[in-house]
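Reading through the structure tokens given below for one structure.
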Amino acid sequence: MIRKAVLPVAGFGTRCLPASKAIPKEMITIVDRPVIQYVVQEAVEAGIRDIVLVTHASKSAIENHFDKHFELEASLEAKGKHELLEELRSIVPDDVNIISVRQPEPLGLGHAVLCARPVIGDDEPFAVLLPDVLVDGDQPRNDLAGMVEAFEASGRSQLMVEEVPHERVDKYGIVAPEGEPPAAGQAAPLAGLVEKPAVDEAPSDLAVIGRYALPGAIFPLLAETPPGAGDEIQLTDAIETLRQQDGVDAWRMRGRTYDCGHQLGYLEAILAYGRRHERYGAGFRELLSRYSGEE
Ligand code: G1P
């Protein structure tokens, strides 16, 4: 059973500057909560109980967000603000642990995941969620839960993929399906995967969107992986080695993604989540129609 997830949050978020100068990019607000809260919630809904943040000294606001704020809670209690208090207390359910480890040097995503090795161990499968990307999808069973189920049924590693415009393939890990590409909500074996290929060399338009179900056996492979694209230790390269040894599947998502690692991506996420928000949706839709006629 996959009960642990690794969330690499050590990166500086240069694409989100100046918003991310003094706060972590993962703390940028989408409607009424930070990006990272949606990602943790997605993991929790998929059955994850231990969230391992791979983090950096400058990003303690993330740990604070998931920690109990005793003084604030006592003050809300004294003022009788019970609804707000309940909302704060349910950010993380009682049976979910937030654990953090440090990535001492920015050596790449593969290296960040390797930093979680002492917490996960080499014998337990785990999920990886890259917190720049919001996955919006079917309720009550989200795409991550579907992919974790596929991992558990087949015992094969899974990479969540979606089709991206051809001219953007050089921004992602790109997969080569062995036969027919998987249908939505299905897995299919891979013949290869490559990190950020040149547009005319990409084996398909199916991109790895930042959700993975992997065995603990990836850790020794990561430890041996030399720097690759961008001179960084790439998770994609270690997964390609794993694929050659044991096989790896692509799992095609049903929902859609919002890339909150850049400004237009999080503005789009605000539009999508704001319009249907329980408390603010009606007011937000009114604002949208008021502004939509303007140039
Ligand atoms: C990382 C991964 C890449 C993946 C992407 C998804 O790249 O290395 O394989 O497709 O996330 O967002 P990054 O965006 O960190 O450069």
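Residue 673 in the working numbering sits at position 171 of the sequence shown; the count goes up by one each step and never skips.
All residues carry an ideal CB built from backbone N, CA and C; glycine is no exception.
My output table needs one value for residue i: the three-state DSSP class, helix, strand or coil.
i	result
P510	strand
S706	coil
E780	coil
T759	strand
E734	coil
V533	coil
T727	coil
V750	strand
V594	coil
D645	helix
L744	helix
S522	coil
E588	helix
P683	coil
I504	coil
K527	helix
R619	helix
R787	helix
R792	helix
L609	coil
G767	helix
R658	coil
Are the CB atoms of residue j and residue i within a distance shorter than 8 Å?
i	j	result
A690	E682	yes
L661	V750	yes
L708	A655	no
V710	V677	yes
P526	A563	yes
V650	G549	yes
L766	A740	no
E579	L590	no
A521	I530	yes
K523	F628	no
D638	A774	yes
V598	R551	yes
L790	R713	no
I538	H567	yes
Y782	E770	no
S659	A715	yes
R777	A686	no
A704	E547	no
R619	T557	no
L744	I720	yes
So if DSSP puts residue i in a beta bridge, which residue, or which two residues, is it bridged to?
i	result
N599	D552
G675	E697 and V710
T557	R604
V663	V710 and R754
A690	A752
L716	F628
D569	For D569, which the question treats as bridged, DSSP gives no partner whatsoever.
V635	D761
Could you tell me how far apart the beta carbons of residue i and residue j are, in whole angstroms, since I believe they sit closer than 8 Å?
i	j	result
V594	L555	About 12 Å separates the two Cβ atoms, so there is no contact after all.
Q688	R643	That belief does not hold up - the Cβ atoms of Q688 and R643 are roughly 15 Å apart, past 8 Å.
A731	K698	5 Å
L509	P633	5 Å
G612	T727	6 Å
L461	G675	An answer regarding residue 461 cannot be provided, because it is not within the stretch 503 to 797 covered by the chain.
S602	E544	Not a contact, Cβ separation roughly 19 Å.
G610	I735	4 Å
V701	E665	The pair is not a contact, with the Cβ atoms about 15 Å apart (cut-off 8 Å).
For the ligand HEM, any of its heavy atoms closer than 7 Å to the Cβ of residue i?
i	result
G712	Among the ligands present in this structure, namely the ligand G1P, the ligand HEM is not found.
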